[in-house]
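Residue 923, in the working numbering, is where the sequence shown stops; the numbers in between run on with no holes. For glycine and all other residues, C-beta sits at the position ideal for the given N, C-alpha and C. One structure is given here, and the rest of the page talks about it.
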Amino acid sequence: MSLFRSRFVTACQQLLALGAVLAVLTPAASLISLDVVRQPPAGSTVTGTDAGALSAYGRVARRSATLPVGAVDPVVREVSLTGTAAARAVAGGGERLVSRPEVVTGEGMVGVTWAHGADVDEDDLAIAARTLVDGEWSDWAALEYHEEHGPDPDSREGRLARPGTEPLYVGEVDRVQVRVVDSAGAAPADLRLAVIDPGTPTRTTSQRAALDTTDSTPAEPAARGGVTPEPQIFSRAQWGADERMRDKSSLRYYEVHAGFVHHTVNANDYSRDEVPGILRSIYAYHTKSRGWSDIGYNFLVDRFGRIWEGRFGGVDRPVVGAHTLGYNDYAFAMSAIGNFEQVKPSQAVVEAYGALFAWKLSLHGVDASSGQQQVGSKTFPAINGHRDAGSTACPGRYLYDRLGDIRTLAAAAQTGWEGRDLDSDLLGTPHPDVVARRTSDHRVVVIPTGGLTKVRKPVVDSTGWAAYDATLVSPDLTGDGRPDLLGRTGDGSVEVRVEGQVLRTATATRGHDLLAAPGDVDGDGLGDLVGRDAGTGRPTLFRGRGNGGFAAAAMSGDWRGYDLLAGVGDLDGDGVGDLVARDAAGSLWLLPRGGAGTPSLLVQGGPRYDAVTGSADWNGDGLVDLVVRREGGHAYVLPGRGDGTVGAARGPVKRLKGRGDLSGAGDLAGSAAPDLVSRRGDQMLVFAGTGTFDTGAVVETNVRAKGADLVLNAGDWDGDGQGDLIVRQRKNGAVKVRTGDGRGSFARAVKIGHDMGDVRMLEVVGDMTGDGWPDLMGQPVGGAMRIYPGRGVEPLGPSYQAHSAVSGTRQVGVGRWDGDGAPDTLVRRGDELLVYTGNGPGGLTGGRALSLDLSDYDLLTGVPDVTLGNRPDLVVRERGTGRLLLVESRANGFKAPRVIADGAEAYDLVD
């Protein structure tokens, strides 16, 4: 059975299959998802229910805590251990120091530090402390020292830091005493004992975690996926952090490629109410005794499963901490308060790690299940224990044993990045759209893209075609509403074939060397043929009889100057099929009304086409287009304008190069998309169209933007599933959003920003902050590139620096360039194109030049992915011609530009 006659059967089969699927899925339609199921690591003890619900963590996450009101000043008292405050003794080849008992006030914490630059092997140094309560001394407890805990040596805080132990929480005691044993030789120079009182709040309150997106930002867009929920995090202010203690100038941002699990090694039996004081003591010890710029960890979690903000700078940004020596620039860390070399972590602690790591990694485009992440000079999994990066027992054997469970929980809780892509669809189609302002009337129009014109791999329709000199397709010769295939024999006769068999041989066409099927020319509803008499060069009309036969009728004209003839359907919109002929110079001529009208030049010279066909709408605008093939090259679409003219060639359309006869006559394969046929030896091949196209008909909108200096395609800015516009007013720099209805109409403008007239390179760049809302990025005059967080129709959030070195003349928001989940941006600098890769809320890194010369283009804009190839593309306007060209991106550069629209010089703003 041929494809021409099997469409009805295929359609019925598809409907039956669809019905079966719907019958199964409909009862549970609201529960359907297409998530990738990751297998738990070997040895994992997490069940599916645990991974999905995080039930233990969920029970504590929203509980209120007793917290200080306002900042609380801790008191750090340091005692020298190299002077009279300690007794010295020589033990073997080393040295032993024992301090005098020191008074402890408040919920005390102690630590020991020594001179910067001292070379101390942690295996040689043993430091311990004991406490006195009601006249009785406790046993000695070790103060852990790990060389890898701290800032990188070449950083600002690393150059000022003092080595030291982890702080030990001693609580309400009377006195404390420490001893230091260095088995290798003399104890380090300038040994100091730090005794920390966390301070007492003057007033407390009961609060839930403050850093909760459900409380602090607009509701998450219901229509947008790809947003991993933020866990509840208690803020620095809630544990009473005094911001005057940190070194504000040392705050740095860089990149996040992985996360590290730590433990603080300082307490196991503290109460819920003691946690804020413990955090203040660690903060004070790190800043005042160790000389760090801030608390070292990005986050901390107490033994109850509550998460606390650590280092200042924003929990959603890539703040460089002081936690994993050598990897601080490329990772974040959360430390569990306790010594998990001694006790097992609660399930709530493990689940808190899973929730926090899922969210934090997702912000920066890192898959929590990834086993290969570039972290500095080495590769690590996305989630690691501190011991994986250095010679340390951290995070303790019991917490490290749960690392597989943490990875599984994080992977299960993490959502993909789809919602973070730069979405620029305004018309409700799968593909992005180009926005332009017309120069003549300042009206905004939308130019849709459709994924580029493509045909599928060929399939064999029938055999028995080798004997013909030429083949062609007629829209309908037999009156059944279906296209028909014809073969022309050596003497000019035509055989009409149905179901692979010859229906009839028509001899009326004998003696004609050119033959074309323009469709119905005489208005009787039946397809006709037109041919050229080989002897006289005069045209002849062959009226179809509906049974495969024809009646010849002479026509006027002299077609001896043509060497190719093709039926193309109604190209000029008068209701009658037309012809296209090629002359010796390679120019194409329109022969209207089946050749009976006056010829007009269609395409002047240029590339010589060895095949011309039409009779179909290839770009979805309702008008007949031409498909042409360059000699020795690919096929292209010449979009019809409905008036007998065509636009610039769009393409190429792959898979048609080097094929034999090429013809098309609408839908041949039953998909509603236009198709093509070509002969290969004895076989007739069908190239089914995909229904995609380069650019469609211009859509008029109701927006007039005369006073604007910038019109941006915002994609789905407000989260309602429809594309929106952002307009900036030239006069006052106000930025407004106009929400769309998905059909090219937009609501009244809502102001979301003000005084932004001096922001250069302003562009919509997708969801940089990971909160589900797309954002803006731009560079104020004289300043650094900044991110302006979007919040739908609410005002923009406070801006922050994305990258200090980005400079250029035009930013191009193109979504995910490197595919890591975090949106990236391109910047035009002269005729050079630079890519700055995104790092989630931290903005941008890099600045690598790409291999595309922009000297021929005056306008440049990015679109997320015209071809749906998982990589963003570019649209450029060619200098001089005004044509829009699509430049498809690939991993190492770009493909050759292809024309997707002509006449764009009529627009003064293109985005």
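> Just curious, the beta strand (DSSP E) that Trp-320 is in, first and last residue?
Replying inline: Working through the sequence shown from its first residue, we reach residue 320 at position 308. Residues 319-321.
> According to DSSP, is Trp-371 helix, strand or coil?
Replying inline: Reading the sequence shown from its first residue, position 359 is the one you call residue 371. Of the three classes helix, strand and coil, the one that applies to Trp-371 here is helix, per DSSP.
>> Could you give the first and the last residue of the continuous beta strand (DSSP E) run that contains Arg-468?
In response: Counted from its first residue, the sequence shown places residue 468 at position 456. Where Arg-468 is concerned, there is no enclosing beta strand (DSSP E), given that its DSSP letter is neither H nor E.
> Excluding sequence positions up to five away, which residues of its chain have a Cβ less than 6 Å from the Cβ of Val-287?
Replying inline: For the purposes of this step, residue 287 is identified with residue 275 of the sequence shown, where counting begins at 1. So the qualifying residues of the chain are Asp-314.
>> With a threshold of 8 Å, are at least 3 pairs of Cβ atoms found where one atom belongs to the segment 569-586 and the other to the segment 645-655?
In response: yes
>> Helix, strand or coil, according to DSSP, for Arg-910 in the structure here?
In response: Position 898 of the sequence shown holds residue 910. Residue state, collapsed to three classes: strand.
> Can Arg-544 and Asp-525 be called in contact, C-beta distance under 8 Å?
Replying inline: Within the sequence shown, residue 544 is the residue found at index 532, counting from 1. Within the sequence shown, residue 525 is the residue found at index 513, counting from 1. Yes, the pair counts as a contact, with Cβ atoms nearer than the cut-off.
> Quick one: Cα of Glu-511 to Cα of Met-696, how far?
Replying inline: What you label residue 511 is simply residue 499 of the sequence shown in a count that begins at 1. What you label residue 696 is simply residue 684 of the sequence shown in a count that begins at 1. Their backbone Cα atoms lie some 12 Å apart in a straight line.
> Between Ala-364 and Gly-632, what straight-line distance do the alpha-carbon atoms span, to the nearest angstrom?
Replying inline: Locating residue 364 in the sequence shown gives position 352, counting from the first residue. Locating residue 632 in the sequence shown gives position 620, counting from the first residue. One C-alpha to the other measures close to 51 Å.
> In terms of DSSP beta bridges, what is Gly-397 paired with?
Replying inline: Within the sequence shown, residue 397 is the residue found at index 385, counting from 1. Paired residues: Val-273.
>> Can you look up Thr-427 in the DSSP assignment and give me helix, strand or coil?
In response: Within the sequence shown, residue 427 is the residue found at index 415, counting from 1. Three-state DSSP puts Thr-427 in coil, outside helix and strand.
>> Do Asp-770 and Val-793 have their beta-carbon atoms positioned less than 8 Å apart in this structure?
In response: Within the sequence shown, numbered from 1, the residue matching residue 793 stands at position 781. Within the sequence shown, numbered from 1, the residue matching residue 770 stands at position 758. Contact: yes.
> Do you know whose CA, among Ala-380, Leu-886, Gln-384, Trp-729, lies nearest Thr-420's CA?
Replying inline: One-based indexing of the sequence shown puts residue 420 at position 408. Closest by alpha carbon: Ala-380.
>> Per DSSP, what are the beta-bridge partners of Thr-78 in this structure?
In response: Position 66 of the sequence shown, counted from the first residue, corresponds to residue 78. Looking at the DSSP assignment, Thr-78 forms a beta bridge with Ser-218.
> Using CA coordinates, which residue listed in Val-239, Arg-494, Thr-212 is at the minimum distance from Leu-428?
Replying inline: Within the sequence shown, residue 428 is the residue found at index 416, counting from 1. Note that residue 428 corresponds to Gly in the displayed sequence, not to Leu. Comparing Cα positions, the closest option is Val-239.
>> Short of 8 Å in beta carbon distance, which residues of its chain neighbour Thr-441, apart from the five on each side in sequence? Order them along the chain.
In response: Taking the first residue of the sequence shown as 1, we reach residue 441 at position 429. So the qualifying residues of the chain are Pro-460, Gly-462.
> What did DSSP end up calling Glu-917 once you bin it into helix, strand or coil?
Replying inline: The count along the sequence shown starts at 1 and reaches residue 917 at position 905. Three-state result, Glu-917: helix.
> Tell me the DSSP bridge mates of Lys-362?
Replying inline: On the sequence shown, position 350 is the one that residue 362 refers to. The question names Lys, yet the displayed sequence has Val at residue 362. Val-362 is not bridged to any residue.
> Considering only residues of the same chain and omitting the five flanking positions on each side of Ala-150, which have a CB-CB separation below 7 Å?
Replying inline: Walking along the sequence shown from the start, residue 150 turns up at place 138. Note on residue identity: the sequence assigns Ser, not Ala, to residue 150. Excluding positions up to five away in sequence, the list reads Arg-142, Thr-143.
> When DSSP labels each residue in this structure, what does Trp-729 get in the three-state scheme?
Replying inline: The sequence position of residue 729 within the sequence shown is 717, counting from 1. Looking at Trp-729 - three-state DSSP - the assignment turns out to be coil, as it is neither helix nor strand.
>> Using the three-state DSSP reduction, which class does Asp-341 fall into: helix, strand or coil?
In response: Taking the first residue of the sequence shown as 1, we reach residue 341 at position 329. Correct three-state label for Asp-341: helix.
> Which full runs of the beta strand (DSSP E) of 3+ residues lie inside the segment 668-702, going along the chain?
Replying inline: 687-692, 695-700
>> Could you tell me which whole alpha helix (DSSP H) segments of length 4 or greater appear in the segment 490-540?
In response: none
> Is the beta carbon of Arg-292 less than 8 Å from the beta carbon of Val-81?
Replying inline: The residue you call residue 292 lines up with position 280 of the sequence shown. The residue you call residue 81 lines up with position 69 of the sequence shown. Cβ atoms of Arg-292 and Val-81: not closer than 8 Å.
> Just how far apart, CA to CA, sit Ala-199 and Trp-371?
Replying inline: The residue given as residue 199 occupies position 187 in the sequence shown. The residue given as residue 371 occupies position 359 in the sequence shown. In a straight line, the C-alpha of Ala-199 is about 44 Å away from that of Trp-371.
>> With the cut-off set at 8 Å, would you say Gly-123 and Ser-305 are in Cβ contact?
In response: Here residue 123 refers to the residue found at position 111 when the sequence shown is read from its first residue. Here residue 305 refers to the residue found at position 293 when the sequence shown is read from its first residue. No. Outside cutoff.
> How many angstroms separate the CA atom of Ala-405 from the CA atom of Ser-436?
Replying inline: Sequence index remark: in the sequence shown, residue 405 carries index 393 (1-based). Sequence index remark: in the sequence shown, residue 436 carries index 424 (1-based). Whole-angstrom Cα-Cα distance: 49 Å.
> In whole angstroms, what is the alpha-carbon distance linking Asp-540 and Leu-638?
Replying inline: On the sequence shown, position 528 is the one that residue 540 refers to. On the sequence shown, position 626 is the one that residue 638 refers to. Their backbone Cα atoms lie some 19 Å apart in a straight line.
> Which of helix, strand or coil does DSSP assign to Trp-149?
Replying inline: What you label residue 149 is simply residue 137 of the sequence shown in a count that begins at 1. Residue state, collapsed to three classes: strand.
> Leaving out five residues before and five after Arg-641 in sequence, what residues of the same chain have Cβ atoms less than 7 Å from its Cβ?
Replying inline: Start at 1 with the first residue of the sequence shown, and residue 641 comes out as number 629. Correct list, in chain order: Tyr-621, Asp-622, Ala-623, Ala-647, Leu-668, Leu-674.
> What are the uninterrupted segments assigned as beta strand (DSSP E) that are 3 or more residues long and contained completely in the segment 594-651, given in chain order?
Replying inline: 600-603, 612-615, 621-628, 637-642, 647-650
>> Counting C-beta neighbours from all protein chains within 10 Å, is the total for Asn-280 16 or more, i.e. buried, or is it exposed?
In response: Your numbering for residue 280 matches position 268 in the sequence shown. Label assigned to Asn-280: exposed.
> Opposite Glu-90 in the DSSP bridges: which residues?
Replying inline: Position 78 of the sequence shown, counting from 1, holds the residue named residue 90. DSSP, once it has assigned bridges, lists Ala-206 as partnering Glu-90.
> What's the C-alpha gap between Tyr-550 and Ala-608?
Replying inline: The residue given as residue 550 occupies position 538 in the sequence shown. The residue given as residue 608 occupies position 596 in the sequence shown. Note that residue 550 corresponds to Arg in the displayed sequence, not to Tyr. When rounded, the distance between both Cα atoms is 12 Å.
> Do you know how far the Cα of Gly-784 is from the Cα of Ala-394?
Replying inline: Position 382 of the sequence shown holds residue 394. Position 772 of the sequence shown holds residue 784. Cα to Cα, the separation comes out at about 22 Å.
>> With the cut-off set at 8 Å, would you say Gly-703 and Leu-438 are in Cβ contact?
In response: For the purposes of this step, residue 703 is identified with residue 691 of the sequence shown, where counting begins at 1. For the purposes of this step, residue 438 is identified with residue 426 of the sequence shown, where counting begins at 1. It is not a contact, given that the beta carbons lie outside the stated cut-off.
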